[in-house]
Amino acid sequence: MAKSTTPKRPTRDEFELEELGNQLVEAKDDGDERALTVWGFPEKIRGRIIVLDSRTRLVHVEENETIRIIPFLDIMKVSYE
-18 MAKSTTPKRP TRDEFELEEL GNQLVEAKDD GDERALTVWG FPEKIRGRII VLDSRTRLVH
42 VEENETIRII PFLDIMKVSY E
């Protein structure tokens, strides 16, 4: 059987994930637009974080009046760009 050729998502330690979670909570509380670097997307996703669902581990981002739902573990970086 052939191996899958799709690259795996980079692994991160508990500290990095906690820091990322804190940045997302801060971004949601501020209501400011942020740029998210998402694994598997060639471009950054820019928008306001409107929902952080801890049960499903999904982040809802409002981008140009449309809502994108991104898995928490796929978010690599949060920035102000």
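Counting in the working numbering, the sequence shown runs from -18 upward without gaps.
Every residue, glycine too, gets a C-beta built ideally from N, C-alpha and C.
Counting along the chain, where does the alpha helix (DSSP H) carrying residue i start and finish?
{"i": "D10", "result": "E(-5) to D11"}
Residues in the same chain with beta-carbon distance under 8 Å from residue i, minus the five sequence neighbours each way, listed in chain order, please.
{"i": "V19", "result": "K25, I26, I51, D55, I56 and M57"}
{"i": "Y61", "result": "D13, R15 and A16"}
{"i": "T(-8)", "result": "none"}
{"i": "I48", "result": "I31, H41 and V42"}
Using a threshold of 8 Å, state whether the C-beta atoms of residue i and residue j are closer than that.
{"i": "V40", "j": "L5", "result": "yes"}
{"i": "V42", "j": "L1", "result": "no"}
{"i": "I30", "j": "A8", "result": "yes"}
{"i": "G28", "j": "E44", "result": "yes"}
Tell me which residues share the same chain as residue i and place their Cβ nearer than 6 Å to its Cβ, disregarding the 5 neighbours each side in the sequence.
{"i": "R38", "result": "F53"}
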